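Number of protein chains: 2
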Amino acid sequence: MFILQSPLTRKLAAFVALSEADLDTLERFHRRRRSFLSGHQLIHEGQKNQSAFILAEGWACSYKMLPDGERQIVDFQVPGDFLGLRSVLFRTTDHSAEAVTRIEASEVRAADILDGFANAPRLATAVLWAASRDEAMVVEHLVNLGRRSAEERMAHFLLELGARLQLVGIGDKTGFDCPLTQYHLADALGLSAVHVNRVLRHLREEGLVTFQKGRVSFDDFGGLVTLAAFDTDYLDQDGPLLR
Amino acid sequence: MFILQSPLTRKLAAFVALSEADLDTLERFHRRRRSFLSGHQLIHEGQKNQSAFILAEGWACSYKMLPDGERQIVDFQVPGDFLGLRSVLFRTTDHSAEAVTRIEASEVRAADILDGFANAPRLATAVLWAASRDEAMVVEHLVNLGRRSAEERMAHFLLELGARLQLVGIGDKTGFDCPLTQYHLADALGLSAVHVNRVLRHLREEGLVTFQKGRVSFDDFGGLVTLAAFDTDYLDQDGPLLR
DNA sequence: CGGTGTCTTGACTCCTCTCAAGTTCGGTGG
DNA sequence: CCACCGAACTTGAGAGGAGTCAAGACACCG
Chain C
53 MFILQSPLTR KLAAFVALSE ADLDTLERFH RRRRSFLSGH QLIHEGQKNQ
103 SAFILAEGWA CSYKMLPDGE RQIVDFQVPG DFLGLRSVLF RTTDHSAEAV
153 TRIEASEVRA ADILDGFANA PRLATAVLWA ASRDEAMVVE HLVNLGRRSA
203 EERMAHFLLE LGARLQLVGI GDKTGFDCPL TQYHLADALG LSAVHVNRVL
253 RHLREEGLVT FQKGRVSFDD FGGLVTLAAF DTDYLDQDGP LLR
Chain Z
53 MFILQSPLTR KLAAFVALSE ADLDTLERFH RRRRSFLSGH QLIHEGQKNQ
103 SAFILAEGWA CSYKMLPDGE RQIVDFQVPG DFLGLRSVLF RTTDHSAEAV
153 TRIEASEVRA ADILDGFANA PRLATAVLWA ASRDEAMVVE HLVNLGRRSA
203 EERMAHFLLE LGARLQLVGI GDKTGFDCPL TQYHLADALG LSAVHVNRVL
253 RHLREEGLVT FQKGRVSFDD FGGLVTLAAF DTDYLDQDGP LLR
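Pasting the structure below:
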């Protein structure tokens, strides 16, 4: 059991001490391994009885489209994250999701999740607990959109992404590899792609951060933290709270 | 048990069929009934070991403050909603909350929730499931901030609020009573209070919606829905999914 | 009857968007 | 090997939405 730990298992164990039965159920979620090309849409807004996915490799993003064709990216997913959980919890899918890079993921049918949750309620608690932490990130993102200028938004976003990736062992204080395009940034930050470009240029010229060729480099980490008023508390994690 | 149903109990039963033991635990959460004046801060960002509250009467809002003194309201709570649940789930509170009106609420100590969850895992599942639906609302709010103009934001916000309140039996298609100030709207929508005033005036002059003297009146519901591209799917609710 | 909180309105500024041209670069096929 | 292509990235100019500052109106309350 120990050596087979997936990123997800590790994450869940941080919230709830899981029994053998829980881990069995979780293991069953990982049966249907699949891979998808960059750009493939995994979750379709409005669809019923949608499968969820557990991301094993690569990046994805979840988003909502507006009638005028604009889109707002809500969150990015990295290995160990659930994709489309809410679409199983509720009958109709309220968002879409697509692969940012080529990805590897386990498909979990809606019925499997509901059955699993009914039989392993502590696992259900753990999964939903983790979802609740994702909500904290969405909340921070919301504050970002509501009350920060374009530059602060960008700074905050890159710092948060960096912090999240460090938790999964990708990247460090100097920076991280990042497959996102400026269009992704625009859709996530509620800006136009043109303005994203200008903001990035300005941050680079100020010597704060460089985003080029798929790499984010924190040139002046402290300065960036100050500009963004960044604070990592909402990502805190220790031992399981429920024993 | 039947006649004692709180708004919260009714809400949870929509997601998970609860046992007598679950209902007992839930009942125990309601022991410490308290009331607070309008403006009282219930949840303090950064605090450890924070109590949560179950709102029974009145309105509250949860928000985050920024270092420059601005604030962003993340969500409003109405009777039946949890306040500060995430502050119990994680060790440090990541947001604040205050009473908008005079309110009645049950205080639930962190330890009581964690104990309750450990002993009644299906209740835990239900509570977190409900929290997940709140997340859907936060997501919609985020899209609102990221990709809609001030007018669309306002229209969408008022429609969503109206829809939520109808579910709790407050208000109807013609409008609802609303204790929020224009400052609340500004902090929720990421606008300045001055601009909120102008937007409200314009919507009123267009004959779409009137917000005056604590009352929101939908003068042209259809027109408002069109302007906001409003869609209620994400609030769907039927019978319990987990039996 | 002053005072405080809320709401209005006007004038001016500036941040971000849109439109419109390029440029760079990796890949693909002749 | 080179020409071409599309995707992503740049940059400039002009327009407009939303912010700020400032002043006043209104209403509720002790």
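First to last, the sequence lines map onto chains C and Z. Going by this note's numbering, the first sequence opens with residue 53, and the numbers climb by one from there. Going by this note's numbering, the second sequence opens with residue 53, and the numbers climb by one from there. Ideal Cβ placement from N, Cα and C applies to all residues, glycine included. Nothing here was measured: the structure is a model prediction, and the numbers come from that model.
Do residue i and residue j have their C-beta atoms within less than 8 Å of each other?
i, j, result
"residue 126(Z)", "residue 114(Z)", "yes"
"residue 154(C)", "residue 110(C)", "yes"
"residue 227(C)", "residue 270(C)", "yes"
"residue 157(C)", "residue 105(C)", "yes"
"residue 177(Z)", "residue 60(C)", "no"
"residue 150(Z)", "residue 112(Z)", "yes"
"residue 124(Z)", "residue 198(C)", "yes"
"residue 204(C)", "residue 279(C)", "yes"
"residue 187(C)", "residue 146(C)", "no"
"residue 229(Z)", "residue 274(Z)", "no"
"residue 131(Z)", "residue 107(Z)", "yes"
"residue 92(Z)", "residue 152(Z)", "no"
"residue 268(C)", "residue 214(C)", "yes"
"residue 134(Z)", "residue 183(Z)", "yes"
"residue 89(Z)", "residue 175(Z)", "no"
"residue 217(Z)", "residue 223(Z)", "yes"
"residue 207(Z)", "residue 243(Z)", "no"
"residue 194(C)", "residue 194(Z)", "yes"
"residue 191(Z)", "residue 191(C)", "no"
"residue 277(C)", "residue 210(C)", "no"
"residue 164(Z)", "residue 81(Z)", "yes"
Going by DSSP, what residue range makes up the beta strand (DSSP E) through residue i?
i, result
"residue 148(Z)", "148–151"
"residue 159(Z)", "155–160"
"residue 278(C)", "From DSSP, residue 278(C) is part of no beta strand (DSSP E) but of the alpha helix (DSSP H) over 273–280."
With 16 as the cutoff for other CB atoms within 10 Å, does residue i come out buried or exposed?
i, result
"residue 241(C)", "buried"
"residue 55(C)", "For residue 55(C), the pLDDT reaches just 47, beneath the cut-off of 50, and the residue's location in the model is therefore unreliable, although a value from the coordinates is still provided. That one is exposed."
"residue 63(C)", "buried"
"residue 101(C)", "exposed"
"residue 136(C)", "buried"
"residue 172(Z)", "buried"
"residue 72(C)", "exposed"
"residue 246(C)", "exposed"
"residue 86(C)", "exposed"
"residue 83(C)", "exposed"
"residue 116(Z)", "buried"
"residue 120(C)", "exposed"
"residue 53(Z)", "Confidence at residue 53(Z) is low in this model, with a pLDDT of 45, below 50, so the placement of that residue should be treated as unreliable; the coordinate-derived value is given next. By the neighbour-count rule (16 or more Cβ atoms within 10 Å), residue 53(Z) is not buried but exposed."
"residue 219(C)", "exposed"
Using three-state DSSP, classify residue i as helix, strand or coil.
i, result
"residue 63(Z)", "helix"
"residue 222(Z)", "coil"
"residue 102(Z)", "coil"
"residue 121(Z)", "coil"
"residue 55(Z)", "Summary for residue 55(Z): the model assigns pLDDT 47, below 50, so the residue's position carries little reliability; its value from the coordinates is reported in the next sentence. Note: residue 55(Z) maps to coil in three-state DSSP."
"residue 267(C)", "strand"
"residue 127(Z)", "strand"
"residue 170(C)", "helix"
"residue 112(Z)", "strand"
"residue 217(C)", "helix"
"residue 107(C)", "strand"
"residue 286(Z)", "Residue confidence is low: residue 286(Z) scores 49 on pLDDT, short of 50, so the model does not pin down where it sits. Its coordinate-derived value is still stated next. The answer is helix: DSSP assigns residue 286(Z) an H, G or I state."
Residue i lies in the alpha helix (DSSP H); which residues open and close that run?
i, result
"residue 77(Z)", "72–80"
"residue 184(Z)", "173–199"
"residue 90(Z)", "Counting along the chain, residue 90(Z) falls outside any alpha helix (DSSP H), and DSSP gives it neither H nor E."
"residue 251(C)", "245–257"
"residue 229(C)", "Here residue 229(C) belongs to no alpha helix (DSSP H); instead the beta strand (DSSP E) covers 227–229."
"residue 138(C)", "137–141"
"residue 236(Z)", "234–241"
Any 3 or more C-beta pairs closer than 8 Å across the region 168–177 of chain Z and the region 246–256 of chain Z: Not touching, per the Cβ criterion.
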